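In what follows, a structure is listed as structure tokens, so that the remarks can point back to it.
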Amino acid sequence: MDRFRSIQVLIAVAEEGGFAPAAKRLGMSPPAVTRAVAALEDHLGVRLFSRTTRVVRLTETGARFLADGRRILEGLAEAEASATGAHSELRGEVGVTAPSMFGSLFVAPIAIDFLARHPEVSVRTLLVDRVVDLVEEGFDIAVRIAHLPDSSLMAIQVGSMRHVVCAAPSYLAEHGVPKELADLLRMEAIDFSFSIPQRQWAFPVAGRTKIVRPPARFFANSAEVAVAAAVAGRGIVRLLAYQVEQEVRAGKLEILLANYEPPPIPVHVVHVEGRRAAARVRAFVDLAVERLRAETWLN
């Protein structure tokens with residue numbers, strides 16, 4: 079059996095969860111499907127599935143090979159479509175991940191517009207506040223607000239993000255406006271962290287890092303909750319600029335201590351495969367880069 083057909087069999091077994099349902103889907107006999115997978119495993123010298131009497135599951139190596147195999151078949155289909163002139167409409171799925179609040183505010187509208195432009199394409203989003211491994215988890219594109227480590231992924235910077243301290247005008251009217259970092263120690267902070275409470279803020283001062291620990295009574299692992307608490311006058315909060323952008327524009331929050339802000343954090347659109355990425359992935363990346371670069375608060 080040729081390699082492309084073997085990959086098709088692998089995909090069917092993984093998606094159907096067994097050899098018999100995969101055989102039915104492919105119009106093959108169950109023994110033929112079993113032999114095809116065994117032959118592919120022998121060729122590669124690795125186990126692609128772990129098998130019990132009831133369950134067939136991909137191994138870690140199998141999951142990686144499945145993701146690569148899907149891209150190989152998609153690339154073949156795209157090349158054939160291009161050669162035959164059938165490439166006028168994009169087809170297939172685009173997987174996109176981004177931080178939860180950023181994704182809801184800015185990536186989701188891009189995805190919705192992309193669906194309207196390309197009716198044969200589907201979009202799968204994962205909006206979570208952790209680093210998603212694009213290859214391991216089967217996604218094509220990520221928006222990352224971070225200094226990126228070296229990797230094989232293609233990264234396009236679309237702007238940068240400030241890390242700001244802010245509070246509601248009502249809170250400042252009662253407690254005063256902080257002018258120096260030491261002023262934070264007499265104020266009440268809203269402690270925001272996705273995991274454990276941080277209880278400290280770091281600021282660059284004269285080439286060094288100064289740690290300030292303002293007192294806090296409210297701890298939140300949700301940016302939306304932290305913003306709501308700040309708007310309600312419960313204290314001073316430190317967040318990324320996009321998380322308070324709407325409230326600042328509306329006058330519900332004021333940015334403080336701007337002269338103590340660290341350098342802005344770069345924002346990238348990251349994707350797999352570079353120039354060899356599927357046309358639909360490149361099209362989504364192009365739209366995302368265009369839209370995000372147009373956001374003035376990212377520059």
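This note's numbering numbers the first residue of the sequence shown as 79 and each following residue consecutively.
Every residue, glycine too, gets a C-beta built ideally from N, C-alpha and C.
Every value quoted in this text rests on a predicted model; they were computed, and no experiment measured them.
{"Query": "Uninterrupted beta strand (DSSP E) stretches inside the stretch 277-303 (no shorter than 3 residues)", "Result": "279-283, 286-290, 294-298"}
{"Query": "Helix, strand or coil at residue 270 according to DSSP, with G and I counted as helix", "Result": "strand"}
{"Query": "Segment contact flag, the stretch 173-185 with the stretch 202-210, C-beta cutoff 8 Å, min 3 pairs", "Result": "yes"}
{"Query": "Same chain only: Cβ atoms within 6 Å of residue 84, ignoring 5 sequence neighbours per side", "Result": "114, 118"}
{"Query": "Validate contact between the stretch 214-230 and the stretch 322-333 using beta carbons, cut 8 Å, 3 pairs", "Result": "no"}
{"Query": "Buried/exposed call for residue 152, threshold 16 Cβ in 10 Å", "Result": "buried"}
{"Query": "Cut-off 6 Å between Cβ atoms - residues of its own chain near residue 340, not counting five sequence neighbours on either side", "Result": "241, 282"}
{"Query": "With 16 other Cβ atoms within 10 Å as the buried cut-off, status of residue 256", "Result": "buried"}
{"Query": "Boundaries of the alpha helix (DSSP H) in which residue 112 is found, first to last residue", "Result": "108-122"}
{"Query": "Three-way DSSP call (helix, strand, coil) for residue 344 in this model", "Result": "strand"}
{"Query": "For residue 127, the three-state DSSP class (helix, strand or coil)", "Result": "strand"}
{"Query": "Any 3 or more C-beta pairs closer than 8 Å across the stretch 258-272 and the stretch 356-376", "Result": "no"}
{"Query": "Spatially closest choice to residue 168 from 101, 292, 192, by CA coordinates", "Result": "192"}
{"Query": "Cβ-Cβ distance between residue 208 and residue 270 below 9 Å", "Result": "no"}
{"Query": "Stretch-stretch touch, CB-based, cutoff 8 Å, three pairs: the stretch 248-255 with the stretch 283-300", "Result": "no"}
{"Query": "Bridge partners - residue 238, DSSP secondary structure assignment", "Result": "344"}
{"Query": "Buried versus exposed call for residue 358 [16 or more other C-beta atoms within 10 Å across all chains shown]", "Result": "buried"}
{"Query": "Where residue 129 falls, given that 16 or more other Cβ within 10 Å makes a residue buried", "Result": "exposed"}
{"Query": "Element boundaries [alpha helix (DSSP H), containing residue 230]", "Result": "It is not in any alpha helix (DSSP H) - residue 230 carries neither H nor E in the DSSP assignment."}
{"Query": "Where residue 133 falls: helix, strand or coil (DSSP)", "Result": "coil"}
{"Query": "Reference residue 148, options 368, 351, 366, closest by Cα", "Result": "351"}
{"Query": "First through last residue of the beta strand (DSSP E) which encompasses residue 213", "Result": "First-last for residue 213: 212-215, but that is the alpha helix (DSSP H), not the beta strand (DSSP E)."}
{"Query": "Burial state of residue 278 (16 or more Cβ within 10 Å)", "Result": "exposed"}
{"Query": "Per-residue burial, residue 133 [other beta carbons within 10 Å of its own, 16 or more giving buried]", "Result": "exposed"}
{"Query": "Local Cβ density within 10 Å of residue 188, reported as buried at 16 or more and exposed below that", "Result": "buried"}
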